[in-house]
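Peer 1: With the first letter of the sequence shown counted as 1, position 60 gets the number 60 in our numbering; the numbers rise by one all the way through. Cβ coordinates follow ideal geometry from the N, Cα and C atoms, glycine included. Handing you this structure, nothing more for now.
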Amino acid sequence: MLGYIVRRLLLMIPTLFAIMVVNFVVIQAAPGGPVEQLIAELKGTGVSATARLSGGAGDVGGSGGSQTRGGRGLDPAIIEQIRKQFGFDKPPLERFGIMMRQYLTFDFGRSYTHDRPVVELIMEKLPVSISLGLWTTLITYLVSIPLGIRKAVRDGSAFDVWTSGVIFVGYSVPSFLMAVLLVVLFAGGSYWSWFPLRGLVSDNWASLDWTHRILDYFWHITLPVTALVVGSFASLTMLTKNSFLEEINKQYVVTARAKGLSERRVLYGHAFRNAMLLVIAGIPAALIGILLTGTPLIEIIFSLDGLGLLGYEAAINRDYPIMFATLYVFTLIGLLLTLIRDLAYTMVDPRIDFETRG
């Protein structure tokens, strides 16, 4: 198993490199950029996302050459100085090489829009996104797996029917819409003001004792996590149910029951390992999906300054250091979670041996 882990870690290097190459090439074709934004500020005009899309691309990644549309009327020496300030005076291949050498030591440079080291911004905002992602995934699995097993055991019963209706209603409501509904109902929108609407903790959090700090933290994340969890139940619950239905109808389960084993022993001692393989396989995808697609809107609605919101704003503002840094971090997390998933396979079912297969 140790040899398999080492091989997987080594395989992450070319995988991560290939992903960064593809995205770097794509970014080069995107119009707009920090150079044109600064030129627009010097000329006294703002550059919106729509204007950037129609304003023409520069020489590299919309970064602006000496004769960009936005730079017409300005001294070419000033434009060249701006390009040098942002590092766009170098060829794309050289810029990419410098970036990857820095990324090996997690040096992501400085943000164009925040004028701060990117690694500081990421470390500052990552706990917010990780909190939302981990709690959402944990609660979803803790509820969906027992519920799916119970639905499989009582397949076709009234319990199975009405729970299916409830979870599919929740699944049909987008997380951002659920978030708005929760704000209206419980965060001072129109009815009750039971939960806070801003931040991950209160302003006086540092002055509280540890008990009240923990309570304050959970008080703030209750609504955001609820909004994310509600839409995550359906697929996992039905996947668990269908996996168990398939297993409990197999011959080895029938034989175990014929031997007089209790239903609990049959379900959790025999069928559980096989049925849970598909469920475990979805953990990395579920967590990454929540981090990448679920949290940005939730962070906006609940004023949570997390990594998803940071990456979204960077894409709008063409803040390339943050864009590539967040991509790098999320890709690295995804690759590590995939490795953890494979190791979890062997914990659930020791018959799986990746070392032999490798």
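1) Just to confirm the assignment, what range does the alpha helix (DSSP H) spanning residue 252 have?
2) Can you tell me which residues form a DSSP beta bridge with residue 193?
3) Determine contact between the stretch 298-312 and the stretch 254-270, defined as no fewer than three beta-carbon pairs at a distance below 8 Å.
4) Which residues in the same chain have their Cβ closer than 8 Å to the Cβ of residue 290, if we skip the five residues on either side of it in sequence?
5) Mind checking residue 368: buried by the 16 CB within 10 Å criterion, or exposed?
6) What residues in its chain sit with their C-beta under 6 Å from that of residue 147, if we drop five residues either side in the sequence?
7) Quick check on this structure: which residue in 92, 129 and 7 has the alpha carbon closest to the alpha carbon of residue 308?
8) According to the neighbour-count rule (16 or more other Cβ atoms, all chains shown, within 10 Å of its Cβ), is residue 319 buried or exposed?
9) Is residue 91 helix, strand or coil when you go by DSSP?
10) For residue 218, count the other beta carbons within 10 Å of its own beta carbon; 16 or more makes it buried, fewer makes it exposed. Which is it?
11) Excluding five sequence neighbours on each side, which residues of the same chain lie with their C-beta closer than 8 Å to the C-beta of residue 118?
12) Who does residue 110 pair with in a DSSP beta bridge?
13) Could you check what DSSP says for residue 174 in three-state terms: helix, strand or coil?
14) What separation, rounded to the nearest whole angstrom, lies between the Cα atoms of residue 145 and residue 153?
15) Just to confirm, is the Cβ distance from residue 167 to residue 275 under 7 Å?
16) Span of the alpha helix (DSSP H) holding residue 105?
17) Using C-beta distances below 7 Å, list every residue in its chain close to residue 406, excluding the 5 sequence neighbours before and after it, in chain order.
18) Pick helix, strand or coil for residue 204, following the three-state DSSP scheme.
19) Quick one: grab the DSSP three-state call for residue 304.
20) How many whole angstroms separate the CB atoms of residue 335 and residue 12, which I take to be in contact at a CB cut-off of 8 Å?
21) Would you call the CB atoms of residue 339 and residue 116 closer than 7 Å?
22) Between which two residues does the alpha helix (DSSP H) carrying residue 271 extend?
23) Tell me the DSSP secondary structure of residue 231 in three-state form.
24) For residue 261 and residue 344, what's the separation of their Cα atoms in angstroms?
25) Flag this pair as yes or no: are the beta carbons of residue 216 and residue 202 separated by less than 7 Å?
26) Taking the beta carbon of residue 104 as the centre, do at least 16 other beta carbons fall within 10 Å, making it buried, or is it exposed?
27) If you run the structure through DSSP and keep just helix, strand and coil, what is residue 199?
28) If you run the structure through DSSP and keep just helix, strand and coil, what is residue 3?
29) How is residue 282 classed by DSSP in three states: helix, strand or coil?
30) If you run the structure through DSSP and keep just helix, strand and coil, what is residue 341?
31) Is residue 264 buried or exposed, if buried means 16 or more other CB atoms sit within 10 Å of its CB?
32) Between which two residues does the alpha helix (DSSP H) containing residue 264 stretch?
Peer 2: Once the coordinates are examined:
1) In the sequence shown, counting from the first residue as 1, residue 252 sits at position 252. In the DSSP annotation of this structure, the continuous segment of the alpha helix (DSSP H) that includes residue 252 starts and ends at 251-258.
2) Residue mapping note: residue 193 aligns to position 193 of the sequence shown, counting from 1. According to DSSP, residue pairing for residue 193 in a beta bridge involves 187.
3) Taking a cut-off of 8 Å on C-beta distances, the stretch 298-312 does not touch the stretch 254-270, as fewer than three cross pairs fall below it.
4) Reading the sequence shown from its first residue, position 290 is the one you call residue 290. Taken in chain order, the residues that qualify are 132, 133, 136, 137, 228 and 232.
5) With the chain represented from 1 up to 358, any question about residue 368 goes unanswered, as that position is not in the structure.
6) Locating residue 147 in the sequence shown gives position 147, where the first residue counts as 1. So the list reads 237, once near-sequence residues are dropped.
7) Position 308 of the sequence shown holds residue 308. Distances from the alpha-carbon of residue 308 to those of 92, 129 and 7 put 129 closest.
8) Here residue 319 refers to the residue found at position 319 when the sequence shown is read from its first residue. Flag for residue 319 reads buried.
9) Locating residue 91 in the sequence shown gives position 91, counting from the first residue. Here residue 91 carries a coil assignment [DSSP, helix/strand/coil].
10) Within the sequence shown, the letter at position 218 stands for residue 218. Exposed.
11) In the sequence shown, the residue the question calls residue 118 occupies position 118. Close CB contacts of residue 118 within its chain, under the 8 Å cut and outside five residues either way in sequence, are with 108, 109, 110, 111, 321, 322 and 325 (chain order).
12) The residue labelled residue 110 in the question sits at position 110 within the sequence shown. BP columns for residue 110 point to 117.
13) In the sequence shown, counting from the first residue as 1, residue 174 sits at position 174. Assigned with DSSP and collapsed to three states, residue 174 falls in coil, not helix or strand.
14) Here residue 145 is taken as the residue at index 145 of the sequence shown, counted from 1. Here residue 153 is taken as the residue at index 153 of the sequence shown, counted from 1. Their Cα atoms are separated by approximately 12 Å.
15) Residue numbering aside, residue 167 sits at position 167 when the sequence shown is read from its first letter. Residue numbering aside, residue 275 sits at position 275 when the sequence shown is read from its first letter. No, these two residues do not count as a Cβ contact at 7 Å.
16) Within the sequence shown, residue 105 is the residue found at index 105, counting from 1. Boundaries cannot be given for residue 105, as no alpha helix (DSSP H) includes it and DSSP labels it neither H nor E.
17) Any answer about residue 406 is impossible in this case: the structure gives the chain only from 1 up to 358.
18) Residue 204 sits at position 204 when you count from the first residue of the sequence shown. Assigned with DSSP and collapsed to three states, residue 204 falls in coil, not helix or strand.
19) Against the sequence shown, residue 304 aligns to sequence position 304. Three-state result, residue 304: coil.
20) Taking the first residue of the sequence shown as position 1, residue 335 is located at position 335. Taking the first residue of the sequence shown as position 1, residue 12 is located at position 12. The pair is a contact, with the Cβ atoms about 5 Å apart (cut-off 8 Å).
21) Along the sequence shown, read from residue 1 onward, the residue named residue 339 stands at position 339. Along the sequence shown, read from residue 1 onward, the residue named residue 116 stands at position 116. Cβ distance not < 7 Å, so residue 339 and residue 116 don't count as in contact.
22) As a first step, residue 271 is located in the sequence shown; it is residue number 271 there, counting from the start. Per DSSP, residue 271 is not a residue of any alpha helix (DSSP H), being assigned neither H nor E.
23) Stepping through the sequence shown from its first residue, residue 231 is reached at position 231. If DSSP states are grouped into helix, strand and coil, residue 231 belongs with coil.
24) Position 261 of the sequence shown, counted from the start, is the residue given in the question as residue 261. Position 344 of the sequence shown, counted from the start, is the residue given in the question as residue 344. It is roughly 27 Å from the alpha-carbon of residue 261 to the alpha-carbon of residue 344.
25) Residue mapping note: residue 216 aligns to position 216 of the sequence shown, counting from 1. Residue mapping note: residue 202 aligns to position 202 of the sequence shown, counting from 1. Cβ distance < 7 Å, so residue 216 and residue 202 count as in contact.
26) By one-based count along the sequence shown, residue 104 stands at place 104. Residue 104 should be labelled exposed.
27) Here residue 199 refers to the residue found at position 199 of the sequence shown. For residue 199, the secondary structure class from DSSP, reduced to helix, strand or coil, is coil.
28) Along the sequence shown, one-based indexing puts residue 3 at 3. Here residue 3 sits in helix by DSSP.
29) The sequence position of residue 282 within the sequence shown is 282, counting from 1. Of the three classes helix, strand and coil, the one that applies to residue 282 here is coil, per DSSP.
30) Position 341 of the sequence shown, counted from the first residue, corresponds to residue 341. Taken through DSSP and simplified to helix, strand or coil, residue 341 comes out as helix.
31) On the sequence shown, position 264 is the one that residue 264 refers to. Looking at its Cβ environment, which holds fewer than 16 other Cβ atoms inside 10 Å, residue 264 is exposed.
32) Counting from 1 along the sequence shown, the entry for residue 264 is found at position 264. 263-266 is the span of the alpha helix (DSSP H), which, as asked, contains residue 264.
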